[in-house]
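> Before anything else, here's the structure in question.
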Amino acid sequence: MGWHLDLWNSKRGSAAAELALSLPVFFAILFGATEAGFYFYNEHKLTESVRDGARFASRQGFSDYPCGGAMDATTQGDIIEVVRTGKVNGTEDRLPRMDEGTFNVTFTCISQMETKPGSGSHVPVGGIYTSAGEAPVVTIDAAVPYQSLFGFVYGFPSGGIWLNADQQTTVNGV
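Below, the structure is given as structure tokens:
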């Protein structure tokens, strides 16, 4: 009967038992924080890519964005290529699964009339858009499926989470 009491009062394996109980929680927090960081990194990279595409689009000529017409297909393809790879003739995508993403490049033209203070009358705006008539504004939208780091741990379905970014810029015609 004495050995049962000795076993019950023994503290030799308590540290190992506590470690075994807390280790799964620790790993869940560690992998979760890493996965969240990787998600935000990819979201930032996509936003950066769309901004680069908008910067490229703003430097194209006014003739590539004819108000009342359609955008030149080559220009649109070049903008998407800059978003995907960072270069006009790039080959390596900036993010995993970027080839499965959807990219939309559209433009609208904004009237070059402004209201004269206090009179309510409209006058033409000067500056770089005087010869263009209207100011083309390019909008780029991108949606790319997220490639999880630890999908096998958390069970993220393939294509279930999407990264989204958009950017809008006026064309400078430089």
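The opening residue of the sequence shown carries number 93 in my numbering; numbering runs sequentially from there. Even glycine gets a Cβ: it sits at the ideal position worked out from N, Cα and C.
If you follow the beta strand (DSSP E) that Phe195 is part of, which residue opens it and which one closes it?
194-203 is the extent of the beta strand (DSSP E) around Phe195.
> Beta strand (DSSP E) containing Asn134: first to last residue?
Element bounds for Asn134: not the beta strand (DSSP E) but the alpha helix (DSSP H), 106-150.
> So, with DSSP's three-state summary, where would you put Leu255?
Three-state result, Leu255: strand.
> Could you compute how far the alpha carbon of Gly193 sits from the alpha carbon of Ala257?
Near 11 Å, if we compare the C-alpha coordinates of Ala257 and Gly193.
> Within a Cβ cutoff of 6 Å, which residues of the same chain sit near Ser267, ignoring the five residues on either side of it in sequence?
No answer is possible for residue 267: the residues shown for the chain start at 93 and end at 266.
> Whole-angstrom Cβ separation of Glu127 and Leu241, contact assumed at under 8 Å?
Right, the Cβ-Cβ distance comes to about 6 Å (below 8 Å), so this counts as a contact.
> Kindly identify the DSSP beta-bridge partner or partners of Pro237.
Trp254.
> Quick one: using the 10 Å Cβ neighbour count with 16 as the cut-off for buried, is Ile121 buried or exposed?
Burial call: exposed.
> Which value, in whole angstroms, describes the spacing of the CA atoms of Val267 and Ile253?
Here the chain has residues from 93 to 266 only, and residue 267 is not among them.
> State the beta-bridge partners of Gln260 as determined by DSSP.
Bridge partners of Gln260: Thr231.
> Please name the residue or residues paired with Glu226 in a DSSP beta bridge.
Ser203.
> For Asp98, count neighbouring Cβ atoms within 10 angstroms of its own Cβ and tell me buried if that reaches 16, exposed if not.
Classification for Asp98: exposed.
> Return yes when the Cβ of Asn264 is within less than 7 Å of the Cβ of Ser150, no when it is not.
Going by C-beta atoms, Ser150 is nearer than 7 Å to Asn264.
> Secondary structure at Glu173, three-state DSSP: helix, strand or coil?
DSSP places Glu173 in helix when its eight states are reduced to three.
> Taking the beta carbon of Pro340 as the centre, do at least 16 other beta carbons fall within 10 Å, making it buried, or is it exposed?
Look at the range of the chain in this structure, 93 to 266, and you will see that residue 340 is not part of it.
> Check this for me: beta carbons of Ile232 and Gly145, under 7 Å apart or not?
Closer than 7 Å, so yes.
> Can you list, in chain order, the residues of its chain whose CB lies under 7 Å from that of Tyr238, leaving out five sequence neighbours each side?
For Tyr238, where only same-chain residues beyond five positions count, the Cβ hits under 7 Å are Tyr131, Asn134, Ile253, Trp254, Leu255.
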